[in-house]
């Protein structure tokens, strides 16, 4: 586990990624934009961006030792040359979720929803990086970033569909699904 | 659980609290300062402050339902009129700590170190608010703020002494103890 990395996702006229679609899954959408810039490190001030979302990587909050070792052994990193498709999925969870104790959140997250177990089925094809932003006073609680090859796009659709049908997702009250590609 | 509150602790010429002492428990100290300002809400820019530490309240990471309910039923809030003494204890934990999985951290934190159980013994006399700052790119990982009446100062010394002797504290590689008072 390296130090937390602050990452800014800026939708606007510039950036490596072309925004293919922005879909409101639950709640409001975000403003349309042509491109997405992913900027690692301290706050990025792109004057022309349509919107900016900021979060930080952190330690895992739910994985036990066995799960953490299993995930690390199977997952691949970002920036693989064949992974020319990406998704940014900002979500916010309800007050009821944040009022739960650690054991209650863990039970819903994994024992009942199998969040990590489902994600593991799609490794190493779907690479993932989670950014926490609730403590930053940001509108969303989490920004999850995914990268995959075009041939794995159907598998990615399957992954998010399965997660959205879990008991955990009953605690999600805002979710936007942003799909991206790069040449 | 309310929304996270961003709090800035600024040591300098101004602020409600008089700094009585700054002691380096492990690692380097902080620069001397006369007073401490505790500013709730978005970033505070006190031009003259000697140092500024920033963190955010968040959900509990270890308390199970029974422990959370027990703590909430016994603890009192900040700003009690008789609580004219305070302590700000910034700590940083080691890379080894952050590399642990959730179940491993929980076992060290509570099963082996009894962190919450020890803290509960000093309720309601010692009021406490924890601020997370690792994800902010701040120098410390946590800023814990305590408030108590002068007659409870010996109990507070006892509390921190007991915590510092736990297995959990073997993962603390930087700790400063700042004592404060107000009239």
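Protein chains in written order, with this note's numbering: chain A, 64 to 246; chain R, 64 to 246. Just so it is clear, CB atoms sit at the ideal spot from N, CA and C, and this is done for glycine as well.
The beta strand (DSSP E) enclosing residue i, as first and last residue numbers
| i | result |
| --- | --- |
| residue 232 of chain A | From DSSP, residue 232 of chain A is part of no beta strand (DSSP E); its letter is neither H nor E. |
| residue 217 of chain R | It is not in any beta strand (DSSP E) - residue 217 of chain R instead sits in the alpha helix (DSSP H) that spans 216-227. |
| residue 71 of chain R | 69-75 |
| residue 103 of chain A | 98-103 |
| residue 149 of chain A | 148-156 |
As assigned by DSSP and simplified to three states, the class of residue i
| i | result |
| --- | --- |
| residue 286 of chain R | With chain R covering 64 to 246 only, the question about residue 286 of chain R has no answer from this structure. |
| residue 182 of chain R | helix |
| residue 93 of chain R | coil |
| residue 116 of chain R | strand |
| residue 213 of chain R | helix |
| residue 175 of chain A | helix |
| residue 205 of chain A | strand |
Given residue i as reference, the closest of the options once Cα atoms are compared
| i | options | result |
| --- | --- | --- |
| residue 66 of chain R | A:155, A:188, A:123 | A:155 |
| residue 80 of chain A | A:227, A:180, A:165, A:102 | A:102 |
| residue 119 of chain R | A:124, A:196, A:220 | A:196 |
| residue 246 of chain R | R:150, R:191, R:151, R:145 | R:145 |
| residue 132 of chain A | R:163, R:94, R:68 | R:163 |
| residue 135 of chain R | R:71, R:100, R:182, R:212 | R:182 |
| residue 211 of chain A | A:173, A:167, A:190, A:179 | A:190 |
| residue 184 of chain A | A:123, A:221, A:75, A:193 | A:221 |
| residue 75 of chain A | A:173, A:130, A:208, A:111 | A:111 |
| residue 71 of chain A | A:223, A:207, A:225, A:217 | A:207 |
| residue 141 of chain A | A:205, A:186, A:203, A:90 | A:186 |
| residue 203 of chain R | R:77, R:165, R:92, R:68 | R:92 |
| residue 165 of chain A | R:153, R:97, R:122, R:226 | R:122 |
| residue 126 of chain R | R:173, R:223, R:89, R:105 | R:173 |
| residue 241 of chain R | R:232, R:218, R:209 | R:209 |
| residue 169 of chain R | R:228, R:218, R:124, R:105 | R:124 |
| residue 256 of chain R | R:153, R:69, R:178 | There is no way to answer for residue 256 of chain R, as the model of chain R reaches only from 64 to 246. |
| residue 77 of chain R | R:68, R:97, R:69, R:89 | R:97 |
| residue 90 of chain R | R:153, R:73, R:113 | R:153 |
| residue 161 of chain A | R:128, R:180, R:143, R:105 | R:128 |
| residue 114 of chain A | A:73, A:205, A:223 | A:73 |
Neighbourhood of residue i by C-beta, 7 Å cutoff - its chain only, sequence neighbours within 5 removed
| i | result |
| --- | --- |
| residue 87 of chain A | 239 |
| residue 248 of chain A | The requested residue 248 of chain A does not occur in the structure, where chain A is confined to residues 64 to 246. |
| residue 95 of chain A | 85 |
| residue 215 of chain R | 188, 189 |
| residue 192 of chain A | 120, 141, 208 |
| residue 232 of chain R | 226 |
| residue 68 of chain A | 103, 119, 120 |
| residue 105 of chain R | 69 |
8 Å CB neighbourhood of residue i in its chain, flanking five on each side removed
| i | result |
| --- | --- |
| residue 157 of chain R | 234, 235, 236 |
| residue 199 of chain A | 117, 118, 119 |
| residue 201 of chain A | 116, 117, 118 |
| residue 243 of chain R | 80, 81, 82, 83, 99, 148, 149, 150, 151 |
| residue 159 of chain A | 234 |
| residue 138 of chain A | 186, 187, 190, 191 |
| residue 217 of chain R | none |
Endpoints, alpha helix (DSSP H) assigned at residue i
| i | result |
| --- | --- |
| residue 134 of chain R | 128-137 |
| residue 192 of chain A | Residue 192 of chain A -> not in any alpha helix (DSSP H); beta strand (DSSP E) instead, spanning 190-195. |
| residue 168 of chain R | 165-169 |
Other residues of its chain near residue i: CB distance less than 6 Å, five sequence neighbours each side excluded
| i | result |
| --- | --- |
| residue 213 of chain A | 148 |
Interface flag, residue i vs chain B, CB-CB below 8 Å
| i | result |
| --- | --- |
| residue 103 of chain A | In the structure shown, chain B cannot be found, because the protein chains are A and R. |
Exercise for review: Name, going along the chain, the residues of the stretch 186-217 of chain R whose beta-carbon falls closer than 7 Å to a beta-carbon of chain A.
Suggested key: 195, 197, 198, 200
Review point. Listed from N- to C-terminal order along the chain, which residues in the stretch 69-96 of chain R have their beta-carbon within a distance smaller than 7 Å of any beta-carbon of chain A?
Key: 69
Exercise for review: Note down, in chain order, all residues in the stretch 121-144 of chain A with a beta-carbon under 9 Å from any beta-carbon belonging to chain R.
Suggested key: 121, 122, 123, 124, 125, 126, 127, 128, 129, 130, 131, 132
Practice item. Name, going along the chain, the residues of the stretch 223-237 of chain R whose beta-carbon falls closer than 9 Å to a beta-carbon of chain A. Key: none
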